[in-house]
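Heads up: the structure comes next, in structure tokens.
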Amino acid sequence: MSRRPLLAGNWKMHGTRAVAAELARAVAAAVGPVADRDVMLAPPFTALDVVREAIEGTPILLGAQNVHWERTGAFTGEVSAAMLLETGCSHAIIGHSERRQLFGETDETVARRLAAALDGGLVPVVCVGETLSERDAGRTEVVVRRQLAVGLGGVPPDRLARVVVAYEPVWAIGTGRTATPEQAAAVHAVVRAEITGLAGTPVAEAVRILYGGSVKPDNVDALMAQPDIDGALVGGASLTAEDFTRIVHFEEAS
Ligand code: PGA
Numbered sequence: 001m002s003r004r005p006l007l008a009g010n011w012k013m014h015g016t017r018a019v020a021a022e023l024a025r026a027v028a029a030a031v032g033p034v035a036d037r038d039v040m041l042a043p044p045f046t047a048l049d050v051v052r053e054a055i056e057g058t059p060i061l062l063g064a065q066n067v068h069w070e071r072t073g074a075f076t077g078e079v080s081a082a083m084l085l086e087t088g089c090s091h092a093i094i095g096h097s098e099r100r101q102l103f104g105e106t107d108e109t110v111a112r113r114l115a116a117a118l119d120g121g122l123v124p125v126v127c128v129g130e131t132l133s134e135r136d137a138g139r140t141e142v143v144v145r146r147q148l149a150v151g152l153g154g155v156p157p158d159r160l161a162r163v164v165v166a167y168e169p170v171w172a173i174g175t176g177r178t179a180t181p182e183q184a185a186a187v188h189a190v191v192r193a194e195i196t197g198l199a200g201t202p203v204a205e206a207v208r209i210l211y212g213g214s215v216k217p218d219n220v221d222a223l224m225a226q227p228d229i230d231g232a233l234v235g236g237a238s239l240t241a242e243d244f245t246r247i248v249h250f251e252e253a254s
């Protein structure tokens with residue numbers, strides 16, 4: 001695979017500063033040196049600085065779970081790209097399904113956050129994915145293509161190559177019900193086809209597409225064996241250093 005795998009842990013709203021620092025230290029120690037893949041941790045905003053300290057000198061990257069589209073202003077509860085950058089973040093998750101479902105995030109707000117992340121020098125990790133009712137209605141492809149067309153459509157092709165896309169079927173998130181490698185691969189191919197339409201083949205070939213949704217030590221190898229799956233966005237299993245480390249080292253088990 002020419003694309004560098006990215007294994008990302010999304011800690012969601014888990015972890016006081018002490019707990020987060022300890023988990024980050026445990027992950028860093030267990031993961032060890034990783035030359036051929038990227039590893040990223042996205043703790044809650046309040047733990048970003050202690051996690052940054054815990055991973056200093058290691059290859060582990062720091063990500064935020066969201067980023068606002070404005071640089072500064074009266075936006076209570078929001079955090080800008082510059083603020084994240086100065087806290088040590090290199091990445092920002094955008095449009096996670098929990099943001100979409102629980103906090104009113106739309107394809108349009110995703111597009112605005114994405115532009116701000118790129119302007120601010122962050123690598124965006126843009127989440128897309130269908131709900132169970134959309135899948136059952138046979139609308140998976142339509143939904144994912146729309147999320148990408150609106151969310152990524154305003155990005156100039158030369159900048160799109162930096163974007164990471166995470167395909168996360170909503171029905172697989174936190175449910176223990178993973179998409180089969182074949183189901184995931186089929187949608188990843190759709191994602192790459194849509195990006196090809198937006199920005200051309202070389203850009204689409206460069207974009208990393210992660211799978212997310214109940215990724216665990218016992219299913220990561222089969223998922224990562226699919227040609228279009230370039231990494232994983234991991235929720236629950238990223239809260240255990242041992243499980244996340246096993247996921248990071250996906251190829252090493254047989
Ligand atoms: P999960 O979460 O691994 O707990 O299913 C994935 C995600 O929400 O990114």
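Position 158 (the sequence shown) corresponds to 158 in our numbering; numbering is contiguous. By construction, the Cβ of each residue, glycine as well, lies at the ideal position given by its N, Cα and C atoms. Here the structure is a predicted model, which means the values were calculated and not measured.
Of the listed residues R99, D230, G154, nearest to I173 (C-alpha basis): Stepping through the sequence shown from its first residue, residue 173 is reached at position 173. Here the closest residue by C-alpha is R99.
F103 beta carbon less than 9 angstroms from that of V79: For the purposes of this step, residue 79 is taken as the residue at position 79 of the sequence shown. For the purposes of this step, residue 103 is taken as the residue at position 103 of the sequence shown. No, the Cβ-Cβ distance between V79 and F103 is not below 9 angstroms.
C-alpha distance - L260 paired with A185, whole-angstrom precision: What the structure shows of the chain is the stretch from 1 to 254, and residue 260 is not part of that stretch, so it cannot be assessed.
Counted within 10 angstroms of its Cβ, other Cβ atoms place T178 as buried (16 or more) or exposed: Within the sequence shown, the letter at position 178 stands for residue 178. T178 comes out buried.
Same chain only: Cβ atoms within 8 angstroms of R145, ignoring 5 sequence neighbours per side: Translated into positions along the sequence shown, residue 145 becomes position 145. The answer, listed in chain order, is V190, E194.
Proximity test, L233 beta-carbon vs the ligand PGA heavy atom, cut-off 8 angstroms: Indexing the sequence shown from 1 puts residue 233 at position 233. Yes - the ligand PGA has a heavy atom lying nearer than 8 angstroms to the Cβ of L233.
Proximal residues to A47 (C-beta, below 6 angstroms), its chain only, five neighbours per side dropped: Your numbering for residue 47 matches position 47 in the sequence shown. Excluding residues within five positions, the ones whose Cβ falls inside 6 angstroms are G15, R17, A20.
CB-CB length for R71 against A82, believed under 8 angstroms: By 1-based counting over the sequence shown, the position of residue 71 is 71. By 1-based counting over the sequence shown, the position of residue 82 is 82. Right, their Cβ atoms sit about 6 angstroms apart.
Cα-Cα separation, L61 to G212: As a first step, residue 61 must be located in the sequence shown, where it is residue number 61. As a first step, residue 212 must be located in the sequence shown, where it is residue number 212. In a straight line, the C-alpha of L61 is about 18 angstroms away from that of G212.
Separation of R4 from Q147, as counted between CA atoms: Taking the first residue of the sequence shown as 1, we reach residue 147 at position 147. Taking the first residue of the sequence shown as 1, we reach residue 4 at position 4. Using only the alpha carbons, I get a separation of about 24 angstroms.
Cα-Cα separation, F75 to W69: Along the sequence shown, read from residue 1 onward, the residue named residue 75 stands at position 75. Along the sequence shown, read from residue 1 onward, the residue named residue 69 stands at position 69. Within the model, the alpha-carbon separation for F75 versus W69 is close to 10 angstroms.
Cβ distance (whole Å) where G151 is taken to contact D107 below 8 angstroms: Taking the first residue of the sequence shown as position 1, residue 151 is located at position 151. Taking the first residue of the sequence shown as position 1, residue 107 is located at position 107. With 8 angstroms as the limit, G151 and D107 qualify as a contact, their Cβ atoms being about 5 angstroms apart.
Cβ-heavy atom distance, G213 to the ligand PGA, below 8 angstroms: Here residue 213 corresponds to residue number 213 of the sequence shown, with the count starting at 1. Checking every heavy atom of the ligand PGA against the Cβ of G213, one is found closer than 8 angstroms.
Closest residue to P157 among P217, M40, V207 (Cα-Cα distance): For the purposes of this step, residue 157 is taken as residue 157 along the sequence shown, with counting starting at 1. Here the closest residue by C-alpha is V207.
Local Cβ density within 10 Å of L6, reported as buried at 16 or more and exposed below that: Walking along the sequence shown from the start, residue 6 turns up at place 6. Label assigned to L6: buried.
Contact test: H14 Cβ vs the ligand PGA heavy atom, cutoff 8 angstroms: Stepping through the sequence shown from its first residue, residue 14 is reached at position 14. The answer is no for H14.
Enclosing alpha helix (DSSP H) for I229 [first to last residue]: In the sequence shown, residue 229 corresponds to position 229, counting from 1. Here I229 belongs to no alpha helix (DSSP H), and DSSP marks it neither H nor E.
Distance CB(W171)-CB(E105) smaller than 9 angstroms: By 1-based counting over the sequence shown, the position of residue 171 is 171. By 1-based counting over the sequence shown, the position of residue 105 is 105. Going by C-beta atoms, W171 is not nearer than 9 angstroms to E105.
Best match in A204, S97, A35, N10 for proximity to V51 [C-alpha to C-alpha]: Stepping through the sequence shown from its first residue, residue 51 is reached at position 51. V51 has its Cα closest to that of N10, out of A204, S97, A35, N10.
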